[in-house]
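Note that the sequence shown covers residues 27 to 173 in this note's numbering. Glycine included, C-beta positions come from ideal geometry on N, C-alpha and C. The structure under discussion appears below in the form of structure tokens.
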Amino acid sequence: MTIRLIFLLFPGIVAWVIVERLTAKEDAKTRDIVFFVVIYAVLSYLFYYFGQAAFRRLGSDTFVPDDFSFFTALLSPSQPIDVREVAWTSVVAVLMGIGFSIAVNQNVFYRIMRRVGASRNIGFATVWDYAFAWDAVPTWVAIRDHA
């Protein structure tokens, strides 16, 4: 059962490793790792499902598999795992992990939350990181002690 669960959540593990390696943040605890692996796995399967539906709508039946078996394989141990679905979802997870890493590094989520008024956080670890990443600050900054 554990190996089955790890295999089904493999796309989430792939996405988590990519996001963890490409972004600068504090070390994650085990519960955070498990949480993000499950979230990334479910999101990658959903992106795969919506991509599959888009290909069907465009009329491409040769490229698209017949069914979506992640949730049934997750809930019933007798259901066989579709290896092809896990492989394609892992490809989606790689793309999703790269996209999330770019969004985190560019502070896209913080900018959206500030724009809608949900947060006042700037998304940087320190004010100095914010100042040096800001386009309006010139390349050279002089700091003087007037004491």
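When secondary structure is reduced to three states using DSSP, Asn-131 falls in the helix class. With fewer than 16 other beta carbons inside 10 angstroms of its own, Leu-84 counts as exposed. Put simply, the backbone Cα of Ser-70 is about 23 Å away from that of Met-139.
Setting aside the 5 residues that flank it on each side, Phe-36 is surrounded in the same chain by Val-112, Ser-116, each with a C-beta closer than 7 Å to its C-beta; the list follows chain order. By the 16-neighbour rule on beta-carbons within 10 angstroms, Val-118 is buried. Around the beta carbon of Gln-132, fewer than 16 other beta carbons sit within 10 angstroms, so the residue counts as exposed. Here Tyr-66 is not near Trp-114, since their CB atoms are 9 Å or more apart. Contact check between the segment 43 to 54 and the segment 122 to 131: three or more CB pairs, one atom from each, fall below 8 Å, which counts as touching.
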